[in-house]
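2 protein chains.
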Amino acid sequence: EGEIVRGVTCSQEEAKVVLSGIQDQPGRVASVFTPLATAGINVDMIVQNATQQETTEVTFTIPLNDVVRCKEILNNLRENIGFHDLVIDKNVSKISVVGIGMRSHSGVAAKAFQTLAELGINIQAIATSEIKITVLIDRKFSELAVRSLHSRYELEKAG
Amino acid sequence: EGEIVRGVTCSQEEAKVVLSGIQDQPGRVASVFTPLATAGINVDMIVQNATQQETTEVTFTIPLNDVVRCKEILNNLRENIGFHDLVIDKNVSKISVVGIGMRSHSGVAAKAFQTLAELGINIQAIATSEIKITVLIDRKFSELAVRSLHSRYELEKAG
Ligand SMILES: C[C@@H](O)[C@H](N)C(=O)O
Ligand SMILES: C[C@@H](O)[C@H](N)C(=O)O
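Chains as they are written, first to last, in the numbering used here: chain A, 1 to 159; chain B, 1001 to 1159.
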């Protein structure tokens, strides 16, 4: 099958922001991210689930340095955006498994989830694509997660 | 700034699967995706929000051909995985804006959301990375969405 997984990366410089109670109507996420873009806040991972209810949550990450400004901007726009809660967690780590052709090898994502499960590490958020599986976990587990994923995908042997 | 956005892609061959009521405890998503991987079902986009509650939802896409099998496998494992509802929507389109360095140009994502908002197109799910912004929308809006995003990012001029 070749080396599908190329590496495991870890970012500890981001905060997780969760906006809940967002109406599932056109225009709602635009109303969140347009002001943030205007303020020059670099949003990295954005995740939003599909929902059967009227409202949903949006999770995204921003640089730690932008937490105060982000909070201020969004809180000032609470009525405009129409969200219920804004929660910011600075204690996260963003772990990514990077590779190629991972869609046709869906076992790759399952393997990442399984590895973290066996370590008792809770997965807070997930976003995947064909070349990247990204999860948010508690920062204290960063090294353990990276080391274990590295070993699970046998990455040291590729060196 | 250079050409950050390189293209807009559209996939109409996937179904959206939403599992709700999943316990936010280690091991829960592994219990969903391991059996799917074992069954050879190619899971593409996986999205899971961070939650403040005890349960959360997981959204993912699979090839339309795998819908029946996926439903069967997950329903048989309902108690094992511990989910509340399984909803499958075959009427979606997966639209991706592909580029580079999009993290440091967070206006790119905002622009995509704004474009869809102005068209009244509801965004059902979102997963982004530095090189890809992916949304799920109602299939009937596929051409309109792609055409409008193409034009918004001025992609025809790059030809
Ligand atoms: C929830 C949010 O994504 C909404 N559906 C929108 O299109 O903006
Ligand atoms: C919800 C699900 O992702 C759970 N937190 C897990 O780690 O499996």
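All C-beta atoms in this analysis are idealised placements derived from N, C-alpha and C, irrespective of residue type, glycine included.
Check                                                                                                                          : Outcome
Cβ neighbours of E1156(B) in the same chain (closer than 8 Å, five flanking residues each side left out)                       : H1150
According to DSSP, residues forming a beta bridge with D85(A)                                                                  : S20(A)
Residue nearest to A1110(B) in terms of C-alpha spacing, selected from I88(A), E13(A), I41(A)                                  : I41(A)
7 Å Cβ shell around R1139(B) - same chain, five flanking residues per side excluded                                            : Q1012, N1091, V1092, S1093
7 Å CB neighbourhood of V1067(B) in its chain, flanking five on each side removed                                              : A1015, I1088, K1090
Under 7 Å between C-beta atoms of M45(A) and A112(A)                                                                           : no
G27(A) classed as buried or exposed, judged by whether at least 16 other C-beta atoms fall within 10 angstroms                 : buried
Any non-hydrogen atom of ligand 2 closer than 6 Å to I22(A) Cβ                                                                 : no
Paired residues, beta bridge with P1026(B) - DSSP                                                                              : In DSSP, P1026(B) forms no bridge with anything.
A1117(B) in three-state terms, based on DSSP                                                                                   : helix
Span separating the alpha-carbon of R152(A) from that of S96(A)                                                                : 14 Å
Nearest-angstrom Cα separation, counted from H1105(B) out to P1063(B)                                                          : 32 Å
Listed by chain order, chain B residues near A15(A) by CB distance under 8 Å                                                   : Within chain B, no residue comes near A15(A); the closest Cβ sits about 11 Å away, beyond 8 Å.
Beta-carbon neighbours of S1020(B), restricted to chain A and to distances below 8 Å                                           : Q52
Touching by the beta-carbon criterion (3+ pairs, under 8 Å), the segment 1129-1147 of chain B and the segment 67-76 of chain A : no
Residue-level contact to chain B via CB, Q124(A), 7 Å cutoff                                                                   : yes
Chain B contact for I4(A) (CB, 7 Å cutoff)                                                                                     : no
E57(A) classed as buried or exposed, judged by whether at least 16 other C-beta atoms fall within 10 angstroms                 : buried
Sheet register partners of I46(A) (DSSP bridge)                                                                                : F60(A)
G1040(B), DSSP secondary structure in three states                                                                             : coil
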